[in-house]
Amino acid sequence: MRPPLPTLGPQPKKSPVGPVMVVSLLLGLSAGGVWWWKQRLVSETPPATAEQNAATAPVAQGPGEAGSTATPPSAAPSGAPAAAPTAAAPVDPLSAAGLSRAFIRIDGPMETAVTAAAGPSVGPALAQVVTRTLVWWVDVPGDLRRGDSLDVLYEVRPNEEPLVHAVRFTSNKTGQTHRTYRFQPEGDKNPRYYLPSGEELELRLENSPLEDYEQVTSLLRDGRRHKGVDFKTPVGTPVKAPFTGIVRRKNWSFRFNGNCVELEEVGGKHRRALFLHMDELPRSLKVGDRFNVGAVLGRSGNSGRSFAPHLHYQLEATNERVLDPYESHRTYRRSLAASHRAAFEAEVRRQDGLLGTPVAGG
Ligand SMILES: [Zn+2]
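Mapped onto the numbering used here, the consecutive letters of the sequence shown carry residue numbers 14 to 375.
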């Protein structure tokens, strides 16, 4: 018995993924496509709640996948040798770093393609994790094109979702090769994904409800009919009012939403901000309370129907139309401080070396 993998996205309530994947691989692309459509239907049927995160199924550790997990990750971003692996190295540098790589050619559903390259035990979860980076360049799956190529450097972790270190994505839609690298500047709380320019991959919101978080794990436009933005962040992260507003509701649909607050904007567009899965709310917080923009409402948590600590942030117009925070807020990109550039560039060289030569056409 293995505990569920704590990914945040809605994986279909599964039954036998392993066997299904094996069967679909055996039957080839057409069968895989049918399977994918079925899963798509399941995952796109929204439950009757605002929050649509669902559990992920346990990921079986297939015998074919054992090799890459044997060596614990040893390469910390700082202090790691930046040099490319030398020919004389007795050990494969990739497995010495505890990493795996997959060269993926998109020729159908993303999950099928990733699974074909990375194996059935890690493929579905890896597809989900990689998608969190791709959505900053293209719409997934809408903008994926046959013949796109995707090279991924990743780490398999027992009972956890795979960790993506580097992504190189050649898109026929944009006509470009996009790259991102995971890097933790010394002194920063979280590792993040950076573009080769040193800018963060992810956009930031002005007046964001969270100052600091690990990653955006779900966006409105990632094809899941999810109504909010999910920020992966440890329990206890302060949640701030994104505008000056009045508390309209708290802790409704507790079973699904967990501890939750709805704040209605004073003036302006009278937008409503919903915060779900929070930690226990302060006793002092009452319906009718006013919070100024930036004031702390409470702390993020993992309550209700949530399978990993995160904040679900949802914005609605007065007619209850769901708004995309990345359109409703002003956005910006942060860049690495000049003092971190050299370490970042060394890390890029290290990851590029591990990722190897791009596939033809990249
Ligand atoms: Zn959510």
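Beta carbons: idealized from backbone N, C-alpha and C, even for Gly.
Would a C-beta distance cut-off of 7 Å place residue i and residue j closer than the cut-off?
i	j	result
Arg347	Leu216	no
Tyr206	Thr144	no
Gly249	Tyr326	no
Val252	Pro295	no
Val142	Val177	yes
Arg261	Glu277	yes
Leu139	Val127	yes
Lys202	Asp225	yes
His290	Ser319	yes
Arg159	Asp105	no
Thr193	Leu214	yes
Asp161	Phe116	no
Gly258	Val279	yes
His283	Thr331	yes
Gly188	Leu349	no
Glu329	Arg285	yes
Ser184	Val151	yes
For residue i, does the three-state DSSP call read helix, strand or coil?
i	result
Gln134	It is worth fixing the name first, because residue 134 is Ser in this sequence and not Gln. Coil.
His325	strand
Gly366	helix
Glu358	helix
Ser352	helix
Arg145	helix
Ala73	Only weak support is given to the placement of Ala73: the predicted model assigns it a pLDDT of 32, under 50, and the value that follows is read from those uncertain coordinates. In the structure shown, Ala73 sits in coil (DSSP, three-state: anything other than H, G, I, E or B).
Leu298	coil
Lys51	Note that Lys51 scores 44 on pLDDT, short of 50, meaning its location in the model is unreliable; the coordinates nonetheless yield the value given after this. If DSSP states are grouped into helix, strand and coil, Lys51 belongs with the helices.
Val279	coil
Thr183	strand
Leu214	coil
Ala286	strand
Leu223	coil
Val127	helix
Val248	coil
Leu208	coil
Leu176	strand
First and last residue of the alpha helix (DSSP H) that includes residue i?
i	result
Asn270	Phe267 to Asn270
Leu107	Pro106 to Ala109
Ser392	Residue 392 falls outside the range modelled here, since the chain spans only 14 to 375, and no answer is possible.
Just to confirm the assignment, what range does the beta strand (DSSP E) spanning residue i have?
i	result
Glu168	Ser162 to Glu168
Phe244	Val242 to Lys245
Val229	Gln228 to Ser231
Thr193	Gln189 to Phe196
Ile119	From DSSP, Ile119 is part of no beta strand (DSSP E); its letter is neither H nor E.
Val252	Pro251 to Lys253
Val260	Gly258 to Lys263
Gly311	Val309 to Arg312
Arg158	Arg158 -> no beta strand (DSSP E), and no H or E assigned at all.
Which whole-angstrom value is the C-beta distance of residue i and residue j, which I expect to be below 8 Å?
i	j	result
Asp292	Asn272	6 Å
Leu166	Arg114	5 Å
Leu218	Pro338	6 Å
Arg181	Leu368	6 Å
Val306	Ala254	6 Å
Val135	Pro175	6 Å
Phe357	Phe256	In fact, because the Cβ distance is near 34 Å, the residues do not count as touching under 8 Å.
Val361	Pro209	6 Å
Arg268	Gly317	7 Å
Ala321	Asn315	7 Å
Is any heavy atom in ligand 2 found nearer than 6 Å to the beta carbon of residue i?
i	result
Gly111	Absence of ligand 2 is noted for the structure shown, with ligand 1 being the only ligands found.
Okay, do the stretch 310-327 and the stretch 260-277 touch, 3+ Cβ pairs below 8 Å being the bar?
yes
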